[in-house]
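Counted the way the working numbering counts, the sequence shown spans residues 23 to 176.
Note that beta-carbon positions come from the ideal geometry of N, C-alpha and C, so glycine has one too.
What follows is a single structure, written as structure tokens, with notes after it.
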Amino acid sequence: MQHSIESRQRKLDTFFGRANAVKDDELKSDMARYGIVLVCGYVERCVEVIILDRLTTRAQPQVLQFIKTHFKKGTNYDCEAICQLLIRFDQGWSNAFRTTIEANEQWEASLTSAYAIRNSIAHGGEGNKGLPGVKAFYSDCKSIVAALIEATKK
């Protein structure tokens, strides 16, 4: 699990390094829009990886296969959606995650904003936070993923 998450983070870190080097403002704006899609995808895949990792030792193979199909439909995993997913598996996971998120309201606001911008872009909108804003969302999303890892340890 940790390797998969770190690999995704390295790819995003590399992307932001390349995007920051772009000089053309219009291209940089395009990179920011693409970056928001990558950040939301990072959260979605990390939620999947973490949940499947935690359930591997707790669930039968058929149950794991069913859960994998749940992740294929693609969900906007804002913090509330993550809590609702966690509660299906373990009330303690949901409670621990919610407690951490409530103590860090900025994280939740960042993830909600990231999805709003991504959805706007996907439906033809101009939504753009700029590259520094997208990087800030990414930083908060890494904190959310770390909180999810910690909450599901128990």
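Closest by C-alpha distance to residue i, when choosing among the options
i      : options                      : result
Lys164 : Ala41, Ala54, Leu60          : Leu60
Gly57  : Leu34, Val44, Thr174, Asp100 : Leu34
Neighbourhood of residue i by C-beta distance below 8 Å, restricted to the same chain and skipping five residues each side
i      : result
Ser135 : Lys151, Phe159
Outcome for residue i when other beta-carbon atoms lying within 10 angstroms are tallied against a minimum of 16
i      : result
Val85  : exposed
Leu49  : exposed
Thr174 : buried
Contacting residues, own chain, Cβ-Cβ under 6 Å from residue i (five flanking each side not counted)
i      : result
Cys68  : Ile27, Val167
Ala138 : none
Trp115 : Leu108, Ala173, Thr174
Run of the alpha helix (DSSP H) containing residue i, from where it starts to where it stops
i      : result
Glu124 : 113-124
Val59  : 47-78
Val156 : 153-173
His25  : 24-43
His92  : 83-94
Collapsed DSSP secondary structure at residue i in the structure displayed
i      : result
Gln128 : helix
Tyr192 : There is no way to answer for residue 192, as the model of the chain reaches only from 23 to 176.
Asn141 : helix
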